[in-house]
Each structure stands twice: as C-alpha cells, then as structure tokens.
Amino acid sequence: MNETGTTTRGGPQTARTEERDNPIRFACMERCEEMRSGTYDLPKALERLDFVLLGVGVVVGLIMLIVGV
Amino acid sequence: MSTDKLSMDEYTTKEARLGIIPVRMSERMYSFLDLALVAGSFAIATWVYVQGISLASVMSMPQSLLSTFGAFLVVIPLVVLIGAMANRYGIDHWILSRSTFGYLGTFPIFVLILVSTVGWSAVVAELFGSSVVKLLGEAGIEITSVWGIRLIAVLCPILGFIIAFRGIGAVRLSSRIMTSLLVLVGFAVLLMVVFSGDLGGAWNAGPLSGVPADRTAFMLGTEWNIAFVFSWVGTIGALTRVTRTARGSAWGLYFGYGILCGLFIGLGALLAFVAVVQGSEPSADPTDYLLAVGGGWMGLMSLILVGVANIGTLAVGTFGMALSSKILRPSVRYEWIAAVFMVAVVALTLWGGVLEHYGTFLAYVGVIAGPAVTLMVVDYYIVRSRKLTPAGLFDPKLPAYRYTYGFNLVSFVAFGAGFASFLLVYDPVNYVPRSTGLFNTLTATGTACIVSAVIYVGLSAIPAVRRYVLRDRQPMPAAGGAETALIGEWSEQAGRLV
Numbered sequence: 535m536n537e538t539g540t541t542t543r544g545g546p547q548t549a550r551t552e553e554r555d556n557p558i559r560f561a562c563m564e565r566c567e568e569m570r571s572g573t574y575d576l577p578k579a580l581e582r583l584d585f586v587l588l589g590v591g592v593v594v595g596l597i598m599l600i601v602g603v
Numbered sequence: 425m426s427t428d429k430l431s432m433d434e435y436t437t438k439e440a441r442l443g444i445i446p447v448r449m450s451e452r453m454y455s456f457l458d459l460a461l462v463a464g465s466f467a468i469a470t471w472v473y474v475q476g477i478s479l480a481s482v483m484s485m486p487q488s489l490l491s492t493f494g495a496f497l498v499v500i501p502l503v504v505l506i507g508a509m510a511n512r513y514g515i516d517h518w519i520l521s522r523s524t525f526g527y528l529g530t531f532p533i534f535v536l537i538l539v540s541t542v543g544w545s546a547v548v549a550e551l552f553g554s555s556v557v558k559l560l561g562e563a564g565i566e567i568t569s570v571w572g573i574r575l576i577a578v579l580c581p582i583l584g585f586i587i588a589f590r591g592i593g594a595v596r597l598s599s600r601i602m603t604s605l606l607v608l609v610g611f612a613v614l615l616m617v618v619f620s621g622d623l624g625g626a627w628n629a630g631p632l633s634g635v636p637a638d639r640t641a642f643m644l645g646t647e648w649n650i651a652f653v654f655s656w657v658g659t660i661g662a663l664t665r666v667t668r669t670a671r672g673s674a675w676g677l678y679f680g681y682g683i684l685c686g687l688f689i690g691l692g693a694l695l696a697f698v699a700v701v702q703g704s705e706p707s708a709d710p711t712d713y714l715l716a717v718g719g720g721w722m723g724l725m726s727l728i729l730v731g732v733a734n735i736g737t738l739a740v741g742t743f744g745m746a747l748s749s750k751i752l753r754p755s756v757r758y759e760w761i762a763a764v765f766m767v768a769v770v771a772l773t774l775w776g777g778v779l780e781h782y783g784t785f786l787a788y789v790g791v792i793a794g795p796a797v798t799l800m801v802v803d804y805y806i807v808r809s810r811k812l813t814p815a816g817l818f819d820p821k822l823p824a825y826r827y828t829y830g831f832n833l834v835s836f837v838a839f840g841a842g843f844a845s846f847l848l849v850y851d852p853v854n855y856v857p858r859s860t861g862l863f864n865t866l867t868a869t870g871t872a873c874i875v876s877a878v879i880y881v882g883l884s885a886i887p888a889v890r891r892y893v894l895r896d897r898q899p900m901p902a903a904g905g906a907e908t909a910l911i912g913e914w915s916e917q918a919g920r921l922v
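Following this line, the structure appears as structure tokens:
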C-alpha cells in the first residue's frame, strides 16, 4: 500500500477510507496510478517483427482459402 | 499494522491473480510454453474431432485441411492481438473492452459471450458423456438411458471445476500433463491412420454427405472454422495477463489455440475419411471412427485420453470465465463464481439440446463474437493507437469511458451493423446463405467483422465523433465534479461494483 497515504484523488483520509471499504477498487486505482507515473513494470510491447509474421500468416491463410475454393 | 499491511498485500496479490486487479510483472506466472499448453488444453477436446467430421461431411479431405488452416491463420491474429492488450497492462480484456463499448456497454456483450461459453462447455460435456458410454459399452457395460448418459456427462464440468477451483497453478499443472498426453495421442492416431488406412482413397474421396462440394459448401465449412476460433474470445485475457512477456503471450496463443487446434481438427477430418473409406458408416460421433480405425486397445486408449481432454478444456474454461465474470461483481470470490459457472454448465448438459443445434449455435457465436473481437482490436490498435487511460477502466466516475450513460454509441452502431449484415448474408437457423455472392466471398462472420470495422473506423474519422470516442485524451475532472453528476446515482451504484 501507499505508505504516505496519498493517491491521485481525494487526499490521505479518502485513500484510507477507500482502502478499508473497497480494497479491490483501491488496489486497481493504485496500480493505474503506477502505470500513469511510469513505476508499473509493463512488459515490452510486441515488436514489428511479430506483426510482420502475423501478417505473413494471414496472407498464407488467404492463399490457402483461395486454393481451397 | 505490519500484519495488516502484509495481509492486505497478500489479499491484493490473490485478487490480482484471481480477480480484476492489474497483474504486476512479479505476480505473473506463465511462460510461452505454459500458455501454449494451457491454450492447447482448452482448445483440444472431443470438439476438435467433431469439427473435423463436420468439415468432412461437406468437403473433400484436401479442402478440409485448406479451410481449417486458412481460416485459422487469417483469424487467429485477432485473438492474439487481444491477448497482447491484456498482457500489456495485466488487465483482463473484458475490463479493457470498456474503452470500446463503454463502462456499462461491456456488460451485455460479455453476458452474450458468457452464455455462448456455457453452451460450448455443455457441448464438451455431452461429448464426454457419449465417449465414456461407448467405452463402457466396449467393456460390456451397456448404458442406454438418456438420463444415465447425461449424468455421466455432468461429471466433466464437475471435475473441471475441481481443477479450476485450485486456481491458476493447478490449471497450469493439469494443462502440462493433459496437453502433453494429447499431443502423444494425436501422434498415435496419426500413425494409426497412416499405417492402417487407405490414405490415397481418403485423399480422393468426396464429402462424406455424398453431396459434391461446391463453393458454397467450402465457405460453409470455413464459416464454421472462423466461428470456432472466435468462440475462445471469452478466456483470452485471463490467460495472457499472467504471462510474463508479450512475445510469449502472442506466440503461446498462436501455437496453442491456432496451430495445435488446427492440427487436431485436420486429424479429425482425416480420421473420418479414412474410417469411411475402410467401410465405416458416416457418423457424427468421433468415438465411432476412433474405435473403427484404431480397434482394440489403441482405440480405447485414444478414447480415454480424449475424454480426459474434455475435463482439461472445462478446467481452463471454468477458470477463464470465472475470472472474467468478476467484471460483473469484483467483490465476489472467484471460487463462488466458478461454482456458479459449473452449475450452469451442468444444467445445460442435463437439458441436452446444445449439440442438437450445433450449426445454429456456431452461428450465434460468430454473429456475437466476430464483431465484438474485431471492434476491440480496431478500437485499441487503430483508433486509439495503443493508448488507454487505465484509471478510466476502473472508475465510472471518471469520464474517460463513460460515453453516453455508460455506452459507446459509436461501437454499438458498428456492432449492430455487423450483426445485421451477418443476418442479411446467412440464415443461421436453416444453415443456408441468403446472399450467396457475399457468403461465398467473405463468409457471414467475415462480412460482419469487416462491416463493423469499416463503420467504426469510418465514424471515428469524423472530428466530432472522434472527440466523443477519444474522451480519454481530454483532461479528467476530479471525482464529484460536474462530469460525474451527469450520471449521478447510477454512477454511485456502478462505483461500488469496482
């Protein structure tokens, strides 16, 4: 949990109340705030090569369907 | 205080893995291989043989293979891209879909998909029941009562639930064992078919229905294949959000849902052709063909493992849908939702009508899941250029994804257009095309996907509509401000859901 009790909205008192009343929502918002601030460890996104390979697969698939007809 | 803090951290970690809280990298458990095996475990069950046999009834063997791999290669990237979205944020794709359909608009789409997944699960259970009864028959124990068969069938969702109940680790462990065994069985069935059957005769045989395959018949089978791939939309995000890398997530799904499943459908078609060429009567039940071609212990061994595969499918299905269903009420424990899912599948299995209407059921899946998946992909990758405001996904008081009373009207117009175009092209009740030209070119689900995507992207290009769709790019007012008051009491209610 956030040691300083600060969140994006409402201040320390609101944060503590929300953590107690709705811990799931509190945790969701806290992690979203991490994403916004850049401290959330996001995995590396798919690279161009992955998209190219998926695209090649689509083209091969279309050729197979055309041949099958 | 420290104990409280620790227990809260543990609670949060549990809710991240079995709930809606975004999953951090340190909490992710699946590698590429894990995901491939779990996805494979879900995809491979008796239904792949049923799908193969359905294809064999309307087209030749080479056409069955081309239709299966062609459709899979074209459609599976959409599934992979949705998995990549969930992997990126560690958030289930149904939560992410709030950006596409709106905070409340996601609910009806999700419920429709949930219903279809319960239906699929009932199909799996019914096939499990018929396989076990055939096995018992081979052992000299005859069960002819319909209710006896249905009671055996419900063992499948119950056993699947027991695995899913243990959580994400148990699902991974069971999938490792079952998928590995299934690959071995598939290889054994392939050897059995190659060495005991007339491959040349099977290759040159016409469709098993006896009706020559024309273009419409080929596209009908392709339509079934496309709907088959889309049917997995319910459980994608639950699996990829706990996968450690984007690449592992993408190619794990591609291999498990795509390549492995396609191979088994092809094997099902091959099995049907070889069995019929050898003299078996055409049947809709793969058990008949396995016993006819394999005979003796080989057929029985295959049947046992295929039966077990159905339990693995329902374990992953129950896990994925229970986890995704937490979008409806996040505070309810995962275990309870899994139990409700299991009870629903048991009830539908005892009714026993889904398999009877398999073609109509596939059409239902295609018409709902096709446009839904396409809109999610188009919205995130094209309209939003892969940028979201995650806080807006969880807080209905923020305007980011509230749109019009919780519904993104643009996506619903596009979805409705896709839905209507499907019905204009294909009659899902009588399994006949209404517009032969379009059906024979794009299939009904393909038409629905393209229409939805074009309308959504086209409308989003209009400046006023673009501002409406991309409200998450505008500064968000503080909670309780004028924007929140627009929804008022309803917003408060939805807020408690999160």
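Here the protein sequences line up with chains A and B, keeping their order. Sequence positions in the first sequence follow my numbering and run 535 to 603. Sequence positions in the second sequence follow my numbering and run 425 to 922. No residue lacks a Cβ here, since even glycine has one placed at the ideal position from N, Cα and C.
*Which term fits phenylalanine 611 of chain B, buried or exposed, when burial requires 16 or more other beta carbons within 10 angstroms of its beta carbon?*
Exposed: under 16 other Cβ atoms inside 10 Å.
*Excluding the 5 residues preceding and the 5 following threonine 538 of chain A in the sequence, name in chain order all residues of the same chain whose CB lies nearer than 7 Å to its CB.*
Residue placement at threonine 538 of chain A is poorly supported in this model, since its pLDDT is 35, which falls under 50; the coordinates still yield a value, given next. So no residue of the chain qualifies.
*Output yes if chain B places a C-beta closer than 8 Å to the C-beta of glycine 572 of chain A; else output no.*
So no, glycine 572 of chain A is outside the interface.
*What is the DSSP secondary structure of valine 856 of chain B, reduced to helix, strand or coil?*
Strand.
*Those runs of the alpha helix (DSSP H) which lie wholly inside the stretch 575–651 of chain B and span at least 4 residues*: You should have 579–589, 592–620 and 623–628.
*How about leucine 459 of chain B and leucine 677 of chain B: are their beta carbons less than 8 Å apart?*
Judged by beta-carbon spacing, leucine 677 of chain B lies within the 8 Å limit of leucine 459 of chain B, meaning their Cβ atoms are closer than that value.
*Where phenylalanine 619 of chain B falls, given that 16 or more other Cβ within 10 Å makes a residue buried*: Phenylalanine 619 of chain B counts as exposed, since fewer than 16 other beta carbons sit within 10 angstroms of its beta carbon.
*Helix, strand or coil for aspartate 851 of chain B per DSSP?*
The three-state secondary structure of aspartate 851 of chain B, taken from DSSP, is strand.
*asked:* Less than 8 Å between the beta carbons of aspartate 516 of chain B and leucine 747 of chain B, yes or no?
replied: The answer is yes: Cβ separation under 8 Å.
*Would you please state the rounded distance, in angstroms, between the beta carbons of tyrosine 855 of chain B and glycine 744 of chain B? I believe it to be under 8 Å.*
Actually they are not in contact, since the Cβ atoms of tyrosine 855 of chain B and glycine 744 of chain B sit about 29 Å apart, beyond 8 Å.
*Looking at the C-beta of phenylalanine 654 of chain B, does it have a partner C-beta in chain A at a distance below 8 Å?*
No, its Cβ sits nowhere closer than 8 Å to a Cβ of chain A.
*Tell me, please, whether the CB atom of valine 586 of chain A is closer than 8 Å to any CB atom in chain B?*
Valine 586 of chain A does not count as touching chain B.
*Could you check the C-alpha separation between tyrosine 454 of chain B and glutamate 566 of chain B for me, to the nearest Å?*
Rounded to whole angstroms, the separation of the alpha carbons of glutamate 566 of chain B and tyrosine 454 of chain B is 43 Å.
_Distance CB(phenylalanine 456 of chain B)-CB(tryptophan 656 of chain B) smaller than 8 Å_ = Not a contact, by the Cβ cut-off of 8 Å.
*Mind checking if glutamate 434 of chain B is an interface residue toward chain A, Cβ cutoff 8 Å exclusive?*
Glutamate 434 of chain B is outside the set of residues whose beta carbon lies under 8 Å from a beta carbon in chain A.
*Would you grab the beta carbon distance between tyrosine 880 of chain B and aspartate 803 of chain B for me? Rounded to a whole angstrom, and I think it's under 8 Å.*
So it is a contact: roughly 7 Å between Cβ atoms.
*So what does DSSP say about threonine 541 of chain B, is it helix, strand or coil?*
Helix at threonine 541 of chain B.
*Skipping 5 residues on each side, what residues in its chain have a beta carbon closer than 7 Å to that of threonine 798 of chain B?*
The answer, listed in chain order, is Leu502, Cys873, Ser876 and Ala877.
*Count the other CB atoms within 10 Å of the CB of serine 484 of chain B; is the residue buried (16 or more) or exposed (fewer)?*
Result: buried.
*Measuring CB to CB, does valine 595 of chain B end up less than 8 Å from valine 462 of chain B?*
Contact flag set, yes.
*Output yes if chain A places a C-beta closer than 8 Å to the C-beta of valine 498 of chain B; else output no.*
Among the residues facing chain A, valine 498 of chain B is included, as its CB has a counterpart in that chain under 8 Å away.
*asked:* Within 8 Å of any Cβ in chain B, is that where the Cβ of arginine 582 of chain A sits?
replied: For arginine 582 of chain A, no Cβ of chain B is located within less than 8 Å of the residue's own Cβ.
_Three-state secondary structure (DSSP) of threonine 669 of chain B_ = If DSSP states are grouped into helix, strand and coil, threonine 669 of chain B belongs with coil.
*Beta carbon of leucine 608 of chain B nearer than 8 Å to that of valine 482 of chain B*: Going by C-beta atoms, leucine 608 of chain B is not nearer than 8 Å to valine 482 of chain B.
*Going by other Cβ atoms of all chains shown within 10 Å of its Cβ, with 16 needed for buried, is arginine 891 of chain B buried or exposed?*
By the 10 Å Cβ count, arginine 891 of chain B comes out exposed.
_Could you tell me the alpha carbon to alpha carbon distance between tryptophan 518 of chain B and valine 698 of chain B, rounded to whole angstroms?_
Spanning the two alpha carbons is a distance of roughly 42 Å.
*Let me know the secondary structure DSSP gives tyrosine 804 of chain B once reduced to three states.*
DSSP places tyrosine 804 of chain B in helix when its eight states are reduced to three.
*Going by the CB atoms, is the gap between valine 542 of chain B and leucine 772 of chain B shorter than 8 Å?*
One thing to note: leucine 772 of chain B has its Cβ within 8 Å of the Cβ of valine 542 of chain B.
*What three-state label does DSSP hand tyrosine 1001 of chain B in the structure shown?*
Here chain B has residues from 425 to 922 only, and residue 1001 of chain B is not among them.
_Just checking: is the beta-carbon of phenylalanine 642 of chain B within a distance shorter than 8 Å of some beta-carbon in chain A?_
Answer yes: the Cβ-Cβ gap between phenylalanine 642 of chain B and chain A drops below 8 Å somewhere.
*Counting only beta-carbon atoms, is leucine 459 of chain B nearer than 8 Å to chain A?*
Judged by the 8 Å Cβ criterion, leucine 459 of chain B is not in contact with chain A.
*DSSP bridge partner residues for tyrosine 758 of chain B (one or two, in chain order)*: Answer by DSSP bridge pairing: none, since tyrosine 758 of chain B is not bridged.
*Note down, in chain order, each residue of its chain lying with its Cβ closer than 7 Å to the Cβ of glutamine 487 of chain B, except the 5 sequence neighbours on either side.*
Within the same chain, Ala637 and Phe642 come within 7 Å of glutamine 487 of chain B by CB-CB distance, once the 5 residues on both sides are set aside.
_Within the continuous alpha helix (DSSP H) that includes glycine 595 of chain A, where are the two ends?_
In this chain, the alpha helix (DSSP H) harbouring glycine 595 of chain A covers 582–602.
*Return the Cβ separation of valine 789 of chain B and alanine 651 of chain B in integer angstroms, given the expectation that the two are a contact with Cβ distance under 8 Å.*
Rounded, the Cβ-Cβ distance is 5 Å, consistent with contact.
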